[in-house]
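All remarks here apply to the structure that follows.
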Amino acid sequence: MYARVVILSVRGPLVRKFMIAAHGLDMTKGDYTFLDVEIFPGSYWGDHDWETGDEQDATARKAYEALLRVSLLQPANDDFQIFAEKVKERSLRDYNYSISDGEENIHYYCCNQLQRRKVVFLFKKDKKLFAFHDDRGSPQQLSNFEN
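Numbering (the UniProt record's numbering), first residue to last: 1 to 147.
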């Protein structure tokens, strides 16, 4: 058994072109996993969204359902800020742990998937990795971390 994983670390418009081409080749039906890695901020990397207002938006939207975006960048939009506040509330409620603003011992990782409709928010505390998925369910400890 093997996995078919395609890792993209390219400018946003190229991600869109690649995903539209992959969709045209029937590669977005589940046999392949596509990762869009956003590491560096800056205008050079461009917009990584599927929607550009052209005639290929519908195809791009469908193709992006097979794309998992992994980003070390923290979004600045209002939806993310609301979500981050909910994570802090749940951390306090479920783990009796208060995440303060600018806390350096907690490392945040964000993944945007399915046109930014699903968000996974992970944080590390005491060598354990915890995850919140969307606003449903309870946080779950995923694994122990050594670093």
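Just so it is clear, CB atoms sit at the ideal spot from N, CA and C, and this is done for glycine as well.
Nearest-angstrom Cβ-Cβ length linking residue i and residue j, presumed shorter than 8 Å
{"i": "Ile-99", "j": "Ala-63", "result": "With 8 Å as the limit, Ile-99 and Ala-63 do not qualify as a contact, their Cβ atoms being about 35 Å apart."}
{"i": "Val-37", "j": "Val-70", "result": "5 Å"}
{"i": "Thr-33", "j": "Ala-60", "result": "Not confirmed; about 18 Å, so no contact."}
{"i": "Leu-35", "j": "Leu-68", "result": "5 Å"}
Option nearest residue i by Cα separation, candidates the options
{"i": "Glu-55", "options": "Lys-17, Asn-96, Ala-3 and Gly-12", "result": "Lys-17"}
{"i": "Ser-43", "options": "Leu-25, Ser-91, Pro-13 and Asn-77", "result": "Pro-13"}
{"i": "Arg-11", "options": "Met-27, Leu-25 and Trp-50", "result": "Trp-50"}
{"i": "Ile-39", "options": "Asn-96, Ser-9, Glu-65 and Ile-82", "result": "Ser-9"}
{"i": "Asp-31", "options": "Gly-46, Asp-78 and Ala-66", "result": "Ala-66"}
{"i": "His-48", "options": "Phe-83, Val-15 and Leu-92", "result": "Val-15"}
Sheet register partners of residue i (DSSP bridge)
{"i": "Glu-38", "result": "Ser-71"}
{"i": "Ile-7", "result": "Leu-35"}
Collapsed DSSP secondary structure at residue i in the structure displayed
{"i": "Arg-16", "result": "helix"}
{"i": "Tyr-50", "result": "Inspection of the sequence shows that residue 50 is occupied by Trp rather than by Tyr. Residue state, collapsed to three classes: coil."}
{"i": "Asp-26", "result": "coil"}
{"i": "Gln-81", "result": "helix"}
{"i": "Ser-43", "result": "helix"}
{"i": "Glu-65", "result": "helix"}
{"i": "Glu-89", "result": "helix"}
{"i": "Tyr-95", "result": "helix"}
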